[in-house]
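Respectively, the protein sequence lines represent chains A and B. Here the working numbering = 1-based position in the first sequence + 5. Here the working numbering = 1-based position in the second sequence + 553.
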Amino acid sequence: MHGDSAPDEAMGDKGKGDKDSRLRVMVVDDHPIWRDAVARDLEDEGFEVVATADGVGSAGRRAAAVTPDVVLMDMQLPDGSGTEATAAVLEVSPQTRILVLSASGERDDVLEAVKAGASGYLVKSASRDELVAAVRATAAGQAVFTPGLAGLVLGEYRRMSQEPEPSPAAPKLTERETEVLRLVAKGLSAKQIAKRLSLSHRTVENHVQATLRKLQLGNRVELTRYVIENGLDAD
Amino acid sequence: MTVASRWERLLRGPRVSAAGADIRSVQTRDTEAGRLARDVDADPVTPLWRGAQILRLLSYLYSLGFQIAVNPDLDHRATAWTLFGVLTLWTLVSGVGYFVGFARNWYWVGTEVILVCALMLSTSVVADRDWAWNNQTWPTTLWATNAVVSVAILSGPVGGIIAGLIVGGTSTFVKGHLNLNFGRNATIIVIVVTGMAVGLAALQARRNHEKLAAAARIAARAEERERLAREVHDGVLQVLALITRRGREIGGPTAELAALAAEQELQLRRMISDTGDVDAPAPDADGAAETDLAAVLRALAADRVSVSSPAGPVMVSAHIASEIRAAVVNALDNTRHHAGPGARAYVLVEDLADDVVVSVRDDGSGIPEGRLAEAAAQGRLGVAASIVGRIESLGGTAVLDTEPGGGTEWEFTVPRGGRRG
């Protein structure tokens, strides 16, 4: 829920100085200038950067070895997409949380990465404070939404509901979830949404998370259904 | 340049279509689409030229047989054989020329028509009037048809018909009378129809080729754009994003630099992701151009303006798109002028099947209570009135929501017009 809002004070006591609870982060990006700058920023803020990777293959291998708490994921890698890397990391380290950091506005790619299990998205030009807050929120299990991602997710639910023959597995949003997601897409912070809808901050966070979780679950059901209908054979 | 491509250039001959010239400018890379564009660039009527040379060979053998059979009956046998030698030489040279390509132009084709007519006219030199009356024109009308076929392939059905009339007319002239009994002698009709049919085939081949070339050109452009996007993403965008971040952290004059970098990053990102979407509206079934409203509005994104939309296109008529865009631009201008320094604006595009909903919200100072009513009373509701007017003219509604300190929010709901069932 950060994107453009201020860092989450509730999470501010974690991290810095406390060796035992230092968050273990892995940075996946093929651009060395960017990778090193982000890693340095995170270490300055008290995170432990346990690994860096520059592609899908190395991301999978290193995640298996270090099981990071959070992975910062670039969308375009030399040997594949961030979506593939997200799936590869989650396969070997399911408890890891993925935060997509993308420089360009690859809308379809971001949506696919989120469906594959990434729990948030931030643009690369976000400030250092925003980045740090987003990593903390991701580690705490929150969904990190920019207005842009909310627009994409909202659009995806609408697209699924408008299909001529909607799949029975297609996830649907409750009215309240749609309402919350629209407000996120219009740039309101969790606090502002809570105030406007007379909800608790926590409830708003839960609604936002639910929209992602259902989308990811729907994606898995859809995949399973596809496999059942079409078989597992390579041909 | 490889030997193969040198030959390909040779075979292609001097004919270069406008589309071909265009393709060359984008096929600088050895991409799949580039190769396709290059293949398409070859002469579209090459198969016709090659097929016609088989006809030329067969008709030559036929006229050789005819020559051997009738030569004893001719008046000037030596002259006839000499002329047949010229015919043989021409058949060989022009056949090779048309087959590989260097003869596919008016110099050669024109020469062929003149030569064929001259050889037919020579009938009156090598044979007497009686022979000409009772036989087909020397050196056979079948061989003469080659000239008509060449003209037809080079220039199309009209040229084919004209050449057919010239060759058929020469044959008639040699015989010394016009036989209007086409039931008995259909030579001229057969020649003219052949010219027309081959010409139509050549015309169709060229038209298909143009369409294919256009498709290949579009594919090559898209591929080139993707390649550019990858390279820009790998380098420039990353560095600009980094400058933006660091610059904002350092603050002061460097923050201005960061703002410039952010603006450029956005422009570049937009250029490589949306080019083509906005430029080329696809006509719908009614022939009215449709535009992706999401792409149109994404083009308004800036450092302090975020635009959220579905991943896919939101298609509306070009008119609806341009009116909504104008309303959004007005609302954003208002934000810039009245929402206070540092205010950010958020545009959201939603696709609700029958309607499209566009929201423009800012987190600025909002409009103080009574301010709107006061402005209305003073007749100064210009911008708001023009926004409402635009949206209502589309059959939609525009709702303004504001509270002091809570920013302002416009919500436009516009029916999709043509698509509304």
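Heads up, the beta-carbon is just placed ideally off N, CA and C, and yes, glycines get one too. Model, not experiment: these values are computed from the prediction.
Check: Does DSSP put Val867 of chain B in a helix, in a strand, or in coil?
Finding: On the second sequence, residue 867 of chain B is found 314 positions in, with the first residue counted as 1. Correct three-state label for Val867 of chain B: coil.
Item checked: DSSP three-state assignment for Leu159 of chain A, whether helix, strand or coil -> Reading the first sequence from its first residue, position 154 is the one you call residue 159 of chain A. If DSSP states are grouped into helix, strand and coil, Leu159 of chain A belongs with the helices.
Checklist line | Limits of the beta strand (DSSP E) - the one that Thr57 of chain A falls within | finding: By one-based count along the first sequence, residue 57 of chain A stands at place 52. First-last of the beta strand (DSSP E) with Thr57 of chain A: 53 to 58.
Checklist line | For Leu765 of chain B, three-class secondary structure by DSSP | finding: Translated into positions along the second sequence, residue 765 of chain B becomes position 212. Reduced to three states, the DSSP call for Leu765 of chain B is helix.
Item checked: Beta-carbon proximity of Glu945 of chain B to Ala951 of chain B, cut-off 8 Å -> Along the second sequence, one-based indexing puts residue 945 of chain B at 392. Along the second sequence, one-based indexing puts residue 951 of chain B at 398. Result yes, Cβ atoms of Glu945 of chain B and Ala951 of chain B sit closer than 8 Å.
Notebook entry, point to check: According to the neighbour-count rule (16 or more other Cβ atoms, all chains shown, within 10 Å of its Cβ), is Asn687 of chain B buried or exposed?
Noted result: Numbered from its first residue, the second sequence carries residue 687 of chain B at position 134. Asn687 of chain B is exposed by the Cβ-count criterion.
Notebook entry, point to check: Would you say the segment 74 to 84 of chain A touches the segment 29 to 45 of chain A, given that touching needs at least three Cβ pairs under 8 Å?
Noted result: yes
Notebook entry, point to check: Going by Cα to Cα distance, which pick from B:Val653, B:Pro863, B:Ser870 is closest to Gln606 of chain B?
Noted result: Along the second sequence, one-based indexing puts residue 606 of chain B at 53. When each option's Cα is compared against that of Gln606 of chain B, the closest is B:Val653.
Checklist line | chain A within 8 Å of Pro863 of chain B, Cβ atoms only | finding: Your numbering for residue 863 of chain B matches position 310 in the second sequence. Yes - at least one Cβ of chain A is within 8 Å of the one on Pro863 of chain B.
Item checked: Whole-angstrom distance between Glu168 of chain A and Ser715 of chain B, CA atom to CA atom -> Within the second sequence, residue 715 of chain B is the residue found at index 162, counting from 1. Within the first sequence, residue 168 of chain A is the residue found at index 163, counting from 1. Sequence check: residue 715 of chain B is Ile here, not Ser. So the two alpha carbons sit approximately 58 Å from each other.
Checklist line | Where Pro710 of chain B sits in the DSSP three-state scheme | finding: Counting from 1 along the second sequence, the entry for residue 710 of chain B is found at position 157. Correct three-state label for Pro710 of chain B: helix.
Next item on the list: List the whole-angstrom C-beta distance separating Ala739 of chain B from Leu601 of chain B, where the pair is believed to meet the contact cut-off of C-beta under 8 Å.
Entry: Taking the second sequence and counting its residues from 1, the one referred to as residue 739 of chain B is at position 186. Taking the second sequence and counting its residues from 1, the one referred to as residue 601 of chain B is at position 48. With a Cβ gap of about 24 Å, Ala739 of chain B and Leu601 of chain B do not count as contacting.
Next item on the list: Determine, using beta carbons only, whether Ser675 of chain B and Ala697 of chain B come nearer to each other than 8 Å.
Entry: Indexing the second sequence from 1 puts residue 675 of chain B at position 122. Indexing the second sequence from 1 puts residue 697 of chain B at position 144. No; because the gap between Cβ atoms is not below 8 Å, this pair is not in contact.
Note to self: Going by C-alpha to C-alpha distance, which of B:Asp908, B:Pro894, B:Val911 sits closest to Gly917 of chain B?
What the structure shows: As a first step, residue 917 of chain B must be located in the second sequence, where it is residue number 364. It is B:Pro894.
Next item on the list: Drop a sphere of 10 angstroms on the beta-carbon of Thr88 of chain A, count the other beta-carbons inside from all chains shown, and report buried for 16 or more, exposed for fewer.
Entry: Stepping through the first sequence from its first residue, residue 88 of chain A is reached at position 83. Result: buried.
Margin query: Considering only the alpha carbon of each residue, which of A:Lys200, A:Arg201, A:His212, A:Glu161 lies closest to Met181 of chain A?
Written below: Translated into the one-based positions of the first sequence, residue 181 of chain A becomes position 176. Sequence inspection shows Arg at residue 181 of chain A; the Met mentioned does not correspond to that position. The residue with the shortest Cα to Cα distance from Arg181 of chain A is A:His212.
Next item on the list: Could you work out which residues of chain A lie near Arg801 of chain B, taking near to mean beta carbons separated by less than 9 Å?
Entry: Your numbering for residue 801 of chain B matches position 248 in the second sequence. Those are Ser130, Ser132, Arg133, listed as they occur along chain A.
Checklist line | Residues bridged to Tyr899 of chain B [DSSP beta-bridge criterion] | finding: Taking the first residue of the second sequence as position 1, residue 899 of chain B is located at position 346. Partner(s): B:Ser859, B:Arg914.
Next item on the list: Anything in chain B within Cβ reach of Pro176 of chain A, meaning under 7 Å, just list it in chain order.
Entry: Reading the first sequence from its first residue, position 171 is the one you call residue 176 of chain A. By Cβ distance, chain B contributes nothing, its closest Cβ being about 16 Å from Pro176 of chain A, past 7 Å.
Next item on the list: For Gln606 of chain B, decide whether its Cβ has a neighbour in chain A, counting only Cβ atoms nearer than 8 Å.
Entry: Here residue 606 of chain B refers to the residue found at position 53 of the second sequence. Output row for Gln606 of chain B: interface = no.
Next item on the list: For Glu170 of chain A, name the three-state secondary structure that DSSP assigns.
Entry: Working through the first sequence from its first residue, we reach residue 170 of chain A at position 165. Coil, per DSSP.
Next item on the list: Report yes or no: is there a C-beta of chain A within less than 8 Å of the C-beta of Thr950 of chain B?
Entry: On the second sequence, position 397 is the one that residue 950 of chain B refers to. Answer no: the Cβ-Cβ gap between Thr950 of chain B and chain A never drops below 8 Å.
Notebook entry, point to check: So is Gln817 of chain B in contact with chain A if we call contact Cβ pairs under 8 Å?
Noted result: Along the second sequence, read from residue 1 onward, the residue named residue 817 of chain B stands at position 264. No, Gln817 of chain B does not count as interfacial toward chain A.
Check: With 16 other CB atoms within 10 Å as the buried threshold, where does Ile1043 of chain B fall?
Finding: This structure does not reach residue 1043 of chain B, given that chain B is present from 554 up to 974, and the question cannot be answered.
Notebook entry, point to check: In whole angstroms, what separates the C-alpha of Thr807 of chain B from that of Val137 of chain A?
Noted result: By 1-based counting over the second sequence, the position of residue 807 of chain B is 254. By 1-based counting over the first sequence, the position of residue 137 of chain A is 132. Between Thr807 of chain B and Val137 of chain A, the C-alpha separation is close to 22 Å.
Check: In this structure, what does DSSP give as the bridge partners for Leu104 of chain A?
Finding: As a working mapping, residue 104 of chain A is identified with position 99 in the first sequence. DSSP, once it has assigned bridges, lists A:Leu77 as partnering Leu104 of chain A.
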